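Those sequence lines, one after another, are chains R and W.
Mapping to the working numbering: the first sequence position 152 is 152, numbers consecutive.
Mapping to the working numbering: the second sequence position 64 is 255, numbers consecutive.
Here a beta-carbon is modelled for each residue, glycine too, at the ideal position from N, C-alpha and C.
As the structure is a computational prediction, the values presented were derived from the model and not from experiment.
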Amino acid sequence: MNYQGLEDLELLAKIGEQDRQALAALYDRYGRRVFALAVRMLNDPLGSEEVTQDVFMSVWRRGASYTSKKGKFTTWLFSITHNRTIDELRKRRRDRSRENADIDDHLNIQSGDISPADAAVARSEYAKIRAAMERLPVEQKSVVELSYFKGLTQTEIATKTGQPLGTVKTRMRLALKKLRTALSAEMGAQS
Amino acid sequence: MTETKDSMESNDNLDPRFENLAGYVLGALDHADERSAVENLIENDPEVQAEFEELSEAANLLATSVPPVEPPASLKTRIMEMAGQGTRSRLVEIVNMYQKQGGRSGPPWWRRAFQSGLAVSAAAAVLVVVVGSALSYQNNQLGNEIDTLRANLATESVVVANLQTELSTTLSDSENRVATMKSEIKVMEDDFGAITEMVVHQEEMVSQLGIVNNALRQALSDQNWLTYVSTKEGYQVESWLASNTQQVTSTEPTASGLIAVRIVGNEAVFQVHGLPQPQSGYAYTLWLMGNGDPQPIAQFAVSEIGSATIAFLLPQPLQFYSSVVVTQERVDGIGVDPTGTMVLFAQTN
């Protein structure tokens with residue numbers, strides 16, 4: 001059977017039957033993205049391997065319970081990845097000895113951390129999403145960065161940036177809505 | 192633009208239902224009860240649910256804004272192994288289930304039928320069809336499970352093969368590294384040997400230079416002595432003896448000598464430098480030649496640095512002789528003529 005040709009939902013159904021080839025196919029399809037998100041947030045390849053492993057084991061155990069009513073599969077998958085990585089980030093923040101870098105080091109997604117390999121995808125969907133991120137007002141981009149990629153809570157962001165908590169909440173919401181509006185037309189909200 | 196943005200960002204008009212929705216989607220809520228409240232709203236309020244889906248989609252875009260990064264190949268192997276452990280547990284589950292179902296659908300069914308006295312052929316036929324169908328259904332189910340397990344086994348075999356390949360590669364790499372290190376160590380040992388040899392050679396050279404230095408010092412001292420003697424005692428150098436004359440064919444090219452004679456009287460001093468040690472059983476012999484028979488003056492030994500100084504009385508004034516030579520002669524008796532190898536020669540004035 002050609003697993004590579006199967007849709008995500010078909011692979012999940014097979015995972016429900018404990019079909020490991022389906023899990024392997026799903027890993028081949030999304031493993032690099034899950035790992036990349038963890039690396040982006042943790043800045044630690046070894047810890048990111050653990051996160052990726054947990055995420056796919058979670059898919060292996062809970063894949064059968066997923067239905068399209070829960071939204072797109074990638075949304076679900078990245079949500080698991082994001083939550084797991086945030087748990088790890090906050091655990092590390094509590095245990096300062098394991099923290100890798102100062103939060104401010106990677107505030108700007110566009111500037112310091114683009115590797116040469118990224119240049120190869122300059123015209124890809126990543127570039128489009130990044131461009132949309134760049135078009136956000138800097139305060140909105142900052143709250144998204146601090147919350148989504150750095151795992152700070154709303155209150156922590158308010159304390160760190162000196163903004164009222166209500167403003168932080170509104171900026172988060174506006175940023176997400178603007179991002180979606182900017183990209184849905186261009187990408188058909190695929191990904 | 193800034194004013195518009197600031198006014199848009201005011202929190203005053205935000206519907207409280209949506210207040211924590213973005214924070215929930217971004218994973219930025221502070222407390223579990225806030226999360227529960229949002230989840231409750233999503234569950235029960237269609238408007239909140241629609242907004243949640245919209246914001247989730249945007250969060251999904253954030254995740255995909257990160258360019259993919261290739262994880263290590265070993266990660267996939269590890270995940271598949273862990274999943275395999277889960278599958279083995281499932282296999283045990285299926286086998287248990289099969290045994291339990293076999294217990295219910297086997298002998299007791301037909302045994303009970305025969306024991307009940309209903310062994311009528313028509314009833315038996317119905318029973319066979321029912322049991323057959325049940326077993327067939329069960330077999331199909333188990334067949335599917337077994338197919339899945341076979342597929343998993345095949346996947347596992349691939350994982351094991353990959354692991355073996357990885358191990359083999361690692362082992363091979365390690366062996367190559369060890370071989371390279373051994374080779375490097377050998378080169379280092381050779382280098383060390385060569386350096387040691389050079390050091391020894393240099394030490395020998397230093398030792399030889401020390402000897403030469405001593406010889407030069409000795410020669411300088413001798414020259415000084417001769418100068419002193421010449422000045423104070425009335426001697427004058429009469430003949431320089433050299434090894435690089437046509438008469439001398441086989442000797443030390445750097446050896447030299449001289450004879451100084453007292454201006455008044457027949458006393459003379461003979462001095463040589465740079466002569467090697469003579470062959471075993473031989474000694475150097477000074478001859479005066481050319482006035483009748485060769486006249487052996489003295490046999491002498493040389494110091495470690497090849498020097499010797501001899502004072503003697505001239506049988507006749509030096510000008511009566513045509514030449515002065517030094518040869519190697521046997522120590523057990525000098526013949527009437529020099530027969531040994533000539534090492535120094537000088538014509539008298």
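For the segment 29-45 of chain R, the beta-carbon criterion of a distance under 7 Å to any beta-carbon of chain W is satisfied by G31, R32, R33, F35, A36, L37, V39, R40.
Inter-residue distance for E238/W and E357/W is about 53 Å (C-alpha atoms, whole angstroms). Going by DSSP, I525/W is part of no beta strand (DSSP E) at all; its letter is neither H nor E. In the DSSP assignment, F243/W falls within the unbroken alpha helix (DSSP H) covering 237-255.
Residues of chain W with a Cβ closer than 8 Å to the Cβ of V144/R are, in chain order, L217, L253.
According to the DSSP assignment, G448/W belongs to the beta strand (DSSP E) that extends over 447-453. Distance from the CA of E366/W to the CA of E50/R, rounded to the nearest whole angstrom, comes to 30 Å. I488/W: not part of any alpha helix (DSSP H); member of the beta strand (DSSP E) spanning 486-491, first to last residue. By the Cβ neighbour-count rule, R135/R is exposed, with fewer than 16 other Cβ atoms within 10 Å of its own. Within chain R, the residues whose beta carbon sits less than 9 Å from that of I270/W are L23, A24, Y27, G31, T52, Q53, F56, M57, W60, listed in sequence order. Judged by DSSP secondary structure, S471/W falls outside any beta strand (DSSP E); it is assigned neither H nor E. Residues of chain R with a Cβ closer than 8 Å to the Cβ of S247/W are, in chain order, G71, T75, S79. Straight across, the Cα-Cα distance linking S430/W with V522/W is about 26 Å. For the pair V216/W and N353/W, the Cα-to-Cα distance works out to about 39 Å. The continuous beta strand (DSSP E) containing Y426/W extends over residues 426-433.
Contact holds between the segment 477-485 of chain W and the segment 504-514 of chain W, because three or more Cβ pairs, one in each stretch, are under 8 Å apart. Proximity of K91/R to chain W, defined by a Cβ-Cβ separation below 9 Å, is not satisfied.
Separation of the CB atoms of R173/R and L362/W is rounded to 56 Å, and the pair is thereby denied contact status at 8 Å. Contact residues of the segment 386-410 of chain W toward chain R are absent (C-beta to C-beta distance below 8 Å). For F536/W, DSSP records a beta bridge to A433/W, V516/W. Under the 9 Å criterion on CB atoms, R180/R is classed as interfacial with respect to chain W.
Only residues of its own chain outside the window of five on either side were considered, and among them L477, I501, F503 have a CB closer than 7 Å to the CB of A489/W, listed in chain order.
Separation of E210/W and V144/R (C-alpha to C-alpha, rounded to the nearest whole angstrom) is 15 Å.
For the pair Q18/R and M273/W, the CB atoms are not nearer than the 9 Å cut-off. At a cut-off of 9 Å between beta-carbon atoms, S348/W makes no contact with chain R. Boundaries around A158/R are those of the alpha helix (DSSP H), 154-161, since no beta strand (DSSP E) includes it. Residues of chain R whose Cβ lies closer than 7 Å to the Cβ of V239/W do not exist; the shortest such Cβ separation is about 12 Å.
Interface residue (Cβ-Cβ distance to chain W less than 9 Å): N83/R is classified as such.
By the criterion of at least three beta-carbon pairs nearer than 8 Å, the segment 228-245 of chain W is not in contact with the segment 5-13 of chain R. Taking all protein chains shown into account, K91/R has fewer than 16 neighbouring C-beta atoms within 10 Å of its C-beta and is therefore exposed. With its beta carbon less than 9 Å from one in chain R, S256/W belongs to the interface. Ranked by Cα distance from H464/W, the first of S265/W, Q399/W, I496/W is I496/W.
By the beta-carbon neighbour count (other beta carbons within 10 angstroms, threshold 16), N335/W is exposed. Annotation for L42/R: the continuous alpha helix (DSSP H) segment containing it runs 20-42. Proximity of D224/W to chain R, defined by a Cβ-Cβ separation below 9 Å, is not satisfied. Apart from sequence neighbours up to five positions away, no residue of its chain approaches T161/R with a beta-carbon distance below 6 Å.
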